[in-house]
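Read through the structure below, which is laid out as structure tokens, and then see the notes.
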Amino acid sequence: MAKQPTPPPEAQHFDVVVIGSGAAGLTAALHLAEHGRVAVLAKGGLSDGSTAWAQGGIAAVLDAGDTVAAHVEDTMIAGAGLNHRATVERVAAGASAAIDRLAALGVPFNAGETVSERWHLTREGGHSHRRIVHVDDATGWAVSQALIRAAQAHPNITLVPDMAAVDLITHRHVVGARFPQRRCHGVYALDTKRRRVAAFIAPATVLATGGASRVYLYSTNPDGATGDGIAMAWRAGCRVSNMEFNQFHPTCLWHPKVRNFLITEAARGEGGHLKLPDGSRFMQRYDDRLELAPRDVVARAIDAEMKRLGLSHVLLDLTHLGADFVRAHFPTIHARLLELDIDCTVQPIPVVPAAHYSCGGVMVDLDGRTDLAGLWGAGEVTQSGLHGANRLASNSLLECLVFGQAVADDIAAAATPDTPSAIRPWDESRVTDSDEEVVIAHNWDELRRTMWDYVGIVRTDKRLERAAHRVKTLRKEVQDYYGNFRVTADLIELRNLVTVADLIVRSARARKESRGLHFSTDHPGMAATALDTVLDPAQGRGDAV
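Sequence positions in the sequence shown follow this note's numbering and run 576 to 1120.
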């Protein structure tokens, strides 16, 4: 006998629902909590997202010899001219205030080495000055913990872990007469512990769900980086942009047992050398900036050397920096590598590029507004215009902090709209529990391998065509499965991943040039005019505009 569906729990009402508990989501929540009741939903634990994994630091102009204009230009250069200058200027100008707010929350940034230096600043690839403020090599973890502590202490913030967002609640879910405006009213989310879907209803919803790098077989990201917010917004009618720009971090640890441990950009910024197995350096053949070239340049160089010589990895050598220096500047990396029998003070680190960051996402304006009324976005889930065709190192947490604040300010200033009298509860009356969970695991693996093999660091028209055909088939299989069985955390993620994979492939096929992170051997030149690739669900196709 089929299991009878459990009645859905009562809907929960808040002034704002924030989906995601990383730097973007918690920054927005802390500022919004002064104006009303805020729920923050986390797919897993509160610190399971990408924020806690960020090693290097946060870019900000904090040195007397540096300027906001220089930070802007470095960002524009790294982004291959596709950045929106107004966004870059706003984010760079807001950086120092964001650092001050974090310091006030207790983030223990490394102090400067002289009386005149408040913070110790390091340098990373693509930056013309030392401007990376950090907490050793575990900045993201320190930021995450400080924001979580502040949110836990605030009486107007309700933190809800183990809550996987399924779909946005829109005008289509209003009971009775159609709501007069296309609008977001909250989110349906699966309680992964109780396996029940609940409705969280609010006049304002914030997407802060992070990126989609887990669409690739090898990634530096935590398992939850499955493009949930991008896919949900797309299904709700929002445009997405520049999905073809997937940043591959040049230096992920190559190890048979550990496939997602990042070796921070700062390791090269402080003088680390990339080498071949014979001990020779190779970056001089690719860029005059050597190891300090932007990530896309370094990642392609490593990829080229691996293919040229048939290597499984290259080496990152820190030994010449001295054991005391390495242990002092990279204590987390040093300790983790020792657990794997790698002493980076006396031997080089085996590294390989891995998917790291999604530069594209849901289109937002300078206030974080999406195309859908009642829905805002901040952080990696969005395409704000900051990163262009390639993100500059340590601008990611910065974007979360500045746009988290901008979103909160805009929501607080907006008039509170009327809310619908009733929202349809989640309906499981026509589905059953799956007896074929292996289908999810199989399709998940095939999707990631397809993206890795055909939509990776170097692309061709033929590879993209193959990817498009395979992703289309997988989308049909996943959609059929979703329509027949109760949702699980794995099914939610797979459904979102296959949607995002389709968006990435369609965007990549639409770009007939090589720019930043998108490099095609069939279109090696850069177009004279930099245009965003915009996909509109209302049109069903991507147009460069």
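Beta carbons: idealized from backbone N, C-alpha and C, even for Gly.
Among T1063, G963, L1049 and A721, the one whose alpha carbon lies nearest that of T1108: G963
Under the rule that 16 or more other beta-carbon atoms within 10 Å means buried, what is D1020, buried or exposed? exposed
For A774 and I1079, what's the separation of their Cα atoms in angstroms? 30 Å
According to DSSP, which residues form a beta bridge with P925? L890
Shortest alpha-carbon distance to G935 belongs to which of A929, P928, D916 and Q958? Q958
Mapping DSSP to helix, strand and coil, what is M1101? Coil at M1101, not helix or strand.
Going by the beta-carbon positions, is the gap between L1092 and N796 smaller than 9 Å? no
Measure the beta-carbon distance from E819 to S1089 and round it to whole angstroms, keeping in mind my assumption that it falls under 8 Å. Not confirmed; about 11 Å, so no contact.
Compute the beta-carbon to beta-carbon distance between G681 and V977, rounded to the nearest angstrom, for a pair I have assumed lies under 8 Å. Their Cβ separation, rounded to whole angstroms, is 20 Å, which puts G681 and V977 out of contact at 8 Å.
Alpha-carbon to alpha-carbon, C813 and D1111: 7 Å
Any idea what DSSP makes of C759, helix, strand or coil? strand
R864 and G700 - do their beta-carbons sit closer together than 9 Å? yes
With a threshold of 16 other CB atoms inside 10 Å of the CB of H1044, please say whether the residue is buried or exposed. exposed
Cα-Cα separation between L734 and T745, rounded to whole angstroms: 23 Å
Please name the residue in G597, V1075, D916 and K1087 whose C-alpha comes closest to that of A787. V1075
Quick one: measure Cβ to Cβ for V889 and I877, integer angstroms, because I've assumed they're closer than 8 Å. 5 Å
Which first and last residues belong to the beta strand (DSSP E) in which R850 is found? Reading the sequence as shown, one finds Lys at residue 850 and not Arg. It spans H848 to K850 - the beta strand (DSSP E) in which K850 sits, taken as one unbroken run.
Report yes or no: do the stretch 686-705 and the stretch 635-645 share at least 3 C-beta pairs separated by less than 8 Å? yes
Straight-line CA distance for D1055 to R1061? The C-alpha of D1055 lies about 12 Å from the C-alpha of R1061.
Apply the 10 Å Cβ neighbour rule to K832 and answer buried if 16 or more other Cβ atoms are within range, or exposed otherwise. K832 should be labelled exposed.
8 Å contact criterion, which V718 and T626 should meet: CB distance rounded: Right, their Cβ atoms sit about 6 Å apart.
Give a yes or no on contact between the stretch 913-928 and the stretch 948-958, applying the rule of three or more CB pairs nearer than 8 Å. Contact fails between the stretch 913-928 and the stretch 948-958, because fewer than three Cβ pairs, one in each stretch, are under 8 Å apart.
Please classify Q587: does DSSP put it in a helix, a strand, or coil? strand
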